[in-house]
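Residue numbers for the sequence shown follow the working numbering, so the first one is 637 and each next one is one higher.
Note that beta-carbon positions come from the ideal geometry of N, C-alpha and C, so glycine has one too.
Being a predicted model, the structure only gives us computed values, none of them experimental.
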Amino acid sequence: MADTFQKSLPEGSTVIPVIFGSDNTILSILSGDKSAWPVYLSIGNLSKVKRRSVKLNGLILIGLLPRCPNGPKTHTIKITYQEYMATMLRPLEEPAKSGIKVLCADGRTRHAYPQIASFLADYPEQCNITGVKYGWCPHCEIDPD
């Protein structure tokens, strides 16, 4: 799919693969009930050494979504999570359509199109993103019990 998109771009343009990641994090050790979802961003054309290095800032925190442990029902939490994510991703909508000018490592300026390549999350976060009920398979019609 990425190859097809790349071929549809004007000559000399490039795709910037954008990678997001999130995982529930406990913020309070003493009380144990304060947690949040940090959301991180990286770009896919960085080497894994640069992306994983804390000193090189290959992975940046773009948001910290609050979590209410004794709050609303699961359905409300999933909708709120999706609304927060939509708000954080909104700045990428226009550049993804029309592109942006980017200074590349070789010194040339290129027209680049950021595209979401992946969202790294464990199973609970995947359920929140997709709206699938926890413990159910999105492909099967069989009751988990």
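Practice task
Mind reading off the beta-carbon distance from Y749 to L645? Whole number of angstroms is fine, and I expect it under 8 Å.
Solution key: Indeed, because the Cβ distance is near 6 Å, the residues count as touching under 8 Å.
Problem - Beta-carbon proximity of S658 to A757, cut-off 8 Å - result: Between S658 and A757, the CB-CB gap stays under 8 Å.
Practice task
Provide the residue(s) that pair with G648 in DSSP beta bridges, ordered along the chain.
Solution key: Beta bridge pairing from DSSP links G648 with no other residue.
Problem - Inter-residue Cα distance where the pair is I655 and P674 - result: If you take the alpha carbons of I655 and P674, they lie about 14 Å apart.
Problem - Secondary structure of A741, DSSP reduced to three states - result: A741: coil per DSSP, three-state reduction.
Handout entry: Local Cβ density within 10 Å of N681, reported as buried at 16 or more and exposed below that
Key = With fewer than 16 other CB atoms across the displayed protein chains lying within 10 angstroms of its CB, N681 is exposed.
Handout entry: Proximity to P653 [Cα-Cα], best of K643, C740, R688 and S754
Key = Nearest C-alpha to P653: S754.
Exercise for the section: Output the distance between the C-alpha atoms of K733 and H747, rounded to the nearest integer angstrom. Expected result: Near 12 Å, if we compare the C-alpha coordinates of H747 and K733.
Problem - Proximity below 8 Å, CB of Y717 to CB of N764 - result: Cβ distance < 8 Å, so Y717 and N764 count as in contact.
Problem - S734, DSSP secondary structure in three states - result: Annotated three-state conformation of S734 is helix, per DSSP.
Exercise for the section: Less than 8 Å between the CB atoms is what I'm expecting for L701 and A672, so what's the real figure, rounded? Expected result: That pair is a contact at about 6 Å.
Problem - The alpha helix (DSSP H) enclosing V685, as first and last residue numbers - result: For V685, the uninterrupted alpha helix (DSSP H) segment begins and ends at K684 to R688.
Handout entry: Cα-Cα separation, T745 to L663
Key = Going from the Cα of T745 to the Cα of L663 covers about 42 Å.
Practice task
Give me the Cα-Cα distance between L692 and E777, rounded to the nearest whole angstrom.
Solution key: Rounded to the nearest angstrom, the gap between the Cα atoms of L692 and E777 is 46 Å.
Exercise for the section: Helix, strand or coil for L677, going by three-state DSSP, please let me know. Expected result: In the structure shown, L677 sits in a strand (DSSP, three-state: E or B).
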